[in-house]
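Below you'll find the structure, written out as structure tokens, and then a few comments.
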Ligand SMILES: Nc1ncnc2c1ncn2[C@@H]1O[C@H](COP(=O)(O)OP(=O)(O)OP(=O)(O)O)[C@@H](O)[C@H]1O
Ligand SMILES: [Mg+2]
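Protein chains in written order, with the numbering used here: chain A, 5 to 269; chain B, -4 to 296.
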């Protein structure tokens, strides 16, 4: 299985995939930290979509100010994991490379397990990169914005950061697993990516807005409840439970198909 | 040590209405080159996929290197394969593509570079696969098949897209591997090539095995053609009368008489001509080619 992880990581470290994703995440990180920290000066604070999370110099000076923008990146990390793993898994079918992999590793469960662990490693590295970048940028910007960073290094801050980090990692793996499963089920990167983006970005938002009662049952809401450590309509536990159920369903179907399906392409 | 490289009994694969392979039964001994022939759609690739555990048979059984094809993990580490056209990651270089497979199989990277050189990609190993020409892609596929230093090599149309030089190189390569004891199972539509290298043959037609055995046995079933040519063309008509008198169906072409008999009849013909006072300039025998035999055996009804 370690061999499979090694092989998968070799495919993922190709520059075109790595640099593009690192580029997107860096751009978003710089954008968010700049916006958040520049606008603390305004009397309104930094209003996020009219919600109650208004960031001011005072609020950013609290213990969780240092990793505030890292938290904002969670959805993007999830979507990148989703698209990367949807294409990594479905391309084995569209390129026809699965047959080569299976000749060298005939145990389909080991192959799938290795792919999953490689995905976890990749998600871990991306999240760590984004965390370091955002915290670094926050420290760098704190000076301009006259924000005190003394609480950012407190034990409470470190504990809070690690919790957030763990939750974002879980949610990102969740998104990655959805992408991987859809990629295997649909065998086409185009349909796997477009269907899942359409669902998470559009349909789920419409559904939650129109049918408020349905909101508690939707997979995207469940995953964001995990990364946020619990949300208003969704407790953290419920998020874990619902995500687990969805992933079991999708992952299970994908696993059975991967194990049984004829590789005739 | 198993005696057989590949052995299948009643191997069958049905896709919906379509029977791709029907009750295929054959044995291929270890240490030989076996050609796998049949018209398009006759089930060669499907059979190979079943031997590699990629698709599950609808019926029948089989072994590869003595192990049941239902447990491919028991033998695939000793098998190299290229199945119907090379498939690789377009964005990775040829070398990286081979390293992915080396990682998976736990093979050392040192083989990667020597194999790239062996298949003639020594100077292009660093280029992306998507920039390769058809023949270069095919060569990379062959390198990938050789990665495990296999005991059994299964090649599905390895010369597809290769230039004459490439075809000759593959022929030499297969011979060299066979001399070192590798068993080779190779499908191809270039029958003249297969005839040169294959000791054994399996022939399919519409999913059914219509011949399995030694190549020579198949060719020997067909009569050879003996050609005789008189020294002086004026004797041709008399010679025709004489051979007809011996009871043969003959054809005349380019001043020679073609008689569908084996080489042993040369002596009889020679004596008959001599007794009639005709000197023969040449007596030669032509074996039927695999191609001719193939056409005869696979043509409709
Ligand atoms: N995945 C599939 N689904 C349905 N039918 C299939 C599938 N794969 C192969 N077939 C059918 O099985 C038959 C045998 O195909 P196969 O690819 O084994 O032939 P082949 O001998 O390799 O031909 P070629 O010389 O053209 O490569 C064909 O009729 C083909 O249409
Ligand atoms: Mg074929």
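Every residue gets a Cβ at the ideal spot worked out from N, C-alpha and C, and that includes glycine. Just so we're clear, the structure is a prediction, and the values are computed from it rather than from any experiment.
When A/181, A/224, A/35, A/216 are compared, the shortest CA-CA separation from residue 88 of chain A is found for A/181. Judged by DSSP secondary structure, residue 75 of chain B falls within the beta strand (DSSP E) whose first and last residues are 74 to 77. Annotation: residue 262 of chain B has no Cβ neighbours in chain A at a cutoff of 8 Å; minimum Cβ distance is about 54 Å. Scanning its chain for C-beta atoms nearer than 6 Å, with the 5 sequence neighbours on each side dropped, one finds around residue 18 of chain B the residues 5, 7, in chain order. Annotated three-state conformation of residue 281 of chain B is strand, per DSSP.
Look at the segment 196 to 255 of chain A and you find these whole runs of alpha helix (DSSP H), each 4 residues long or longer: 208 to 214, 223 to 231.
Interface criterion not met: the Cβ of residue 147 of chain A is under 9 Å from no Cβ in chain B.
The beta carbon of residue 83 of chain B falls within 9 Å of a beta carbon belonging to chain A, placing the residue at that interface. It is roughly 9 Å from the alpha-carbon of residue 227 of chain A to the alpha-carbon of residue 248 of chain A. Interface flag for residue 18 of chain A against chain B is set, since a Cβ pair is found closer than 9 Å. In the structure shown, residue 193 of chain A falls within a helical segment according to DSSP collapsed to helix, strand and coil. Counting C-beta atoms within 10 angstroms of its own C-beta, residue 245 of chain A has fewer than 16 neighbours from the protein chains shown and is therefore classed as exposed. As DSSP reads the structure, residue 203 of chain B sits in a beta bridge with B/200. Rounded to whole angstroms, the gap between the alpha carbons of residue 160 of chain B and residue 154 of chain B is 10 Å. In summary, the residues of the segment 109 to 125 of chain A whose CB is separated from some CB of chain B by less than 7 Å are 109, 110, 111, in the order they occur in the chain. For the segment 88 to 104 of chain A, the beta-carbon criterion of a distance under 8 Å to any beta-carbon of chain B is satisfied by 95, 99, 100, 101, 103, 104. Of B/223, B/250, B/259, the smallest CA-CA separation from residue 238 of chain B is found for B/223.
Contact note: residue 7 of chain A reaches chain B through 98, 99, 101, using a C-beta cutoff of 7 Å and chain order. Looking only at B/137, B/275, B/292, B/-1, the smallest Cα-Cα distance to residue 107 of chain B is reached by B/137.
Residue-level contact check: residue 242 of chain A does not touch chain B, since none of the beta carbons of chain B fall below 9 Å from its beta carbon.
When Cβ-Cβ separations below 9 Å define contact, residue 143 of chain B makes contact with chain A.
Those residues whose C-beta sits under 7 Å from the nearest heavy atom of ligand 2 are, from N- to C-terminal order along the chain, B/39, B/40, B/79, B/151, B/152, B/182. In this structure, the straight-line span from the alpha carbon of residue 143 of chain B to that of residue 46 of chain B is close to 17 Å. For residue 118 of chain B, the shortest separation between its Cβ and any heavy atom of ligand 1 does not lie below 8 Å.
Segment contact: the segment 27 to 38 of chain A against the segment 150 to 157 of chain A, fewer than three CB-CB distances shorter than 8 Å; contact not assigned. Beta-carbon to beta-carbon, residue 151 of chain B and residue 77 of chain B are separated by about 6 Å, close enough to satisfy the 8 Å threshold.
For residue 15 of chain A, at least one C-beta of chain B is nearer than 9 Å to its own C-beta. DSSP lists B/195 as the beta-bridge partner residues of residue 209 of chain B.
Residue-level contact check: residue 21 of chain A touches chain B, since one or more beta carbons of chain B fall below 9 Å from its beta carbon. Using a Cβ distance threshold of 9 Å, residue 199 of chain A and residue 211 of chain A do not count as a contacting pair. Look at the segment 32 to 47 of chain B: the residues with a C-beta under 7 Å from a C-beta of chain A are 44, 47.
Annotation: residue 193 of chain B to residue 10 of chain A spans about 39 Å, alpha carbon to alpha carbon. Within the same chain, 130, 133, 165 come within 7 Å of residue 157 of chain B by CB-CB distance, once the 5 residues on both sides are set aside. For residue 184 of chain B, the shortest C-beta to heavy atom distance toward ligand 1 is below 8 Å.
Take residue 97 of chain B, set aside five residues on each side of it, and the residues of its chain with a beta-carbon closer than 8 Å to its own are 103, 104, 106, 107, 142, in chain order. In this structure, the straight-line span from the alpha carbon of residue 90 of chain A to that of residue 137 of chain A is close to 26 Å.
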